[in-house]
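Numbering (the working numbering), first residue to last: 51 to 340. Reviewing the structure listed below.
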């Protein structure tokens with residue numbers, strides 16, 4: 051989908067946990083937001099009406115522009131823990147397919163950035179919306195069988211089957227324990243310190259990316275390799291992989307010890323006073339949180 055418009059999810063497989071979703075795809079020029087001193091791009095309007103958006107720099111960037119400013123820095127997804135299936139998770143516990151005992155390297159980067167840059171704007175940020183890091187395991191690349199997900203068992207996670215095998219993105223989170231939320235939320239695993247995450251691979255696909263196909267003409271492209279929130283697979287050699295967007299706009303998967311770009315994602319509460327038209331020169335602005 052590369053028409054540069056906002057879509058309504060007519061297919062219920064593209065609803066989220068709260069219902070109907072509206073999402074941007076292609077190269078829109080009206081999804082810019084100025085918030086907390088930074089520019090963001092709206093990914094979608096969630097089912098609960100909150101606004102999901104991705105970091106896009108200290109200044110506004112045109113679609114197709116390559117710039118280091120469009121990420122907060124770089125990080126391994128999981129630097130020291132990478133040689134078992136479970137280390138593909140945003141949080142993990144050794145020996146458990148859906149553990150939450152230890153934070154990944156990239157979670158620490160996001161938490162620090164939130165604490166330093168967004169904490170004073172918390173009244174505007176949703177504590178109800180979550181981030182799906184689907185760890186539904188399978189030892190079969192074509193269909194989920196619920197097996198694997200730990201140690202050196204070759205594993206294909208839900209995202210791999212959806213996006214590589216079937217090419218069918220889904221915004222619903224299969225397992226509540228994989229929906230990362232803060233303690234104040236009424237859903238999910240309540241394991242996050244702060245309500246911040248990354249874009250999911252499903253959202254990247256819905257915006258315009260395709261596995262192993264170049265696309266430099268959609269709004270998420272920034273000429274850099276950026277991590278997503280979504281586990282991909284793991285090999286019997288013990289290397290865990292996560293989905294990332296390549297420097298050429300390709301959706302791909304890399305070992306979690308790889309150093310990639312970090313683009314925070316947050317959700318704004320739905321009942322805000324917003325001004326502006328959403329263009330790069332007149333972005334949407336949340337009154338009181340410019």
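Even for Gly, the Cβ is constructed at its ideal location relative to N, Cα and C.
Exercise. Under 7 Å Cβ to Cβ from residue 332, same chain only, skipping five residues before and after it: list those, please.
Key: Numbered from 1 along the chain shown, position 282 holds the residue referred to as residue 332. Answer for residue 332: 326, listed in chain order.
Quiz item: Which value, in whole angstroms, describes the spacing of the CA atoms of residue 52 and residue 265?
Solution: Here residue 52 refers to the residue found at position 2 of the chain shown. Here residue 265 refers to the residue found at position 215 of the chain shown. Confidence at residue 52 is low in this model, with a pLDDT of 34, below 50, so its placement is unreliable and the value that follows should be read with caution. Here the alpha carbons of residue 265 and residue 52 stand approximately 9 Å from one another.
Practice problem: Report yes if the C-beta distance between residue 245 and residue 139 is below 8 Å; otherwise report no. | Solution: Taking the first residue of the chain shown as 1, we reach residue 245 at position 195. Taking the first residue of the chain shown as 1, we reach residue 139 at position 89. No, the pair does not count as a contact, with Cβ atoms beyond the cut-off.
Quiz item: Of the choices 295, 229, 159, whose alpha-carbon is the least far from that of residue 240?
Solution: Counted from its first residue, the chain shown places residue 240 at position 190. In terms of CA proximity to residue 240, 229 leads the group 295, 229, 159.
Exercise. Verify whether the separation of the beta carbon atoms of residue 252 and residue 196 is less than 8 Å.
Key: Numbered from 1 along the chain shown, position 202 holds the residue referred to as residue 252. Numbered from 1 along the chain shown, position 146 holds the residue referred to as residue 196. No.
Quiz item: Looking at C-beta atoms only, is the number of pairs between the segment 79 to 87 and the segment 272 to 290 that lie closer than 8 Å three or more?
Solution: Segments in contact, no.
Quiz item: Which one or two residues does DSSP pair with residue 189 in a beta bridge?
Solution: Your numbering for residue 189 matches position 139 in the chain shown. Bridge partners of residue 189: none, in fact.
Practice problem: Tell me where the alpha helix (DSSP H) around residue 160 begins and ends. | Solution: Here residue 160 refers to the residue found at position 110 when the chain shown is read from its first residue. 155 to 167 is the span of the alpha helix (DSSP H), which, as asked, contains residue 160.
Self-check item: Among 124, 249, 330, nearest to residue 308 - alpha-carbon criterion
Solution: Looking up residue 308 in the chain shown gives position 258. Among 124, 249, 330, the Cα nearest to that of residue 308 belongs to 124.
Quiz item: Which word fits residue 287, buried or exposed, when buried means at least 16 other C-beta atoms lie within 10 angstroms of its C-beta?
Solution: As a position in the chain shown, residue 287 is number 237, starting the count at 1. Exposed, because fewer than 16 other Cβ atoms sit within 10 Å of the Cβ of residue 287.
Quiz prompt | Endpoints, alpha helix (DSSP H) assigned at residue 256 | solution = As a first step, residue 256 must be located in the chain shown, where it is residue number 206. Start and end: 251 to 257.
Quiz item: Nearest-angstrom Cα distance between residue 111 and residue 170?
Solution: Here residue 111 refers to the residue found at position 61 of the chain shown. Here residue 170 refers to the residue found at position 120 of the chain shown. Taking C-alpha positions only, residue 111 is separated from residue 170 by approximately 25 Å.
Quiz item: Can you tell me whether residue 193 is buried or exposed, with buried defined as 16 or more other CB within 10 angstroms of its CB?
Solution: Within the chain shown, the letter at position 143 stands for residue 193. Burial call: exposed.
Exercise. Using only alpha-carbon positions, find the residue among 216, 299, 187 that is nearest to residue 204.
Key: The count along the chain shown starts at 1 and reaches residue 204 at position 154. Residue 187 is the option with its Cα nearest to residue 204.
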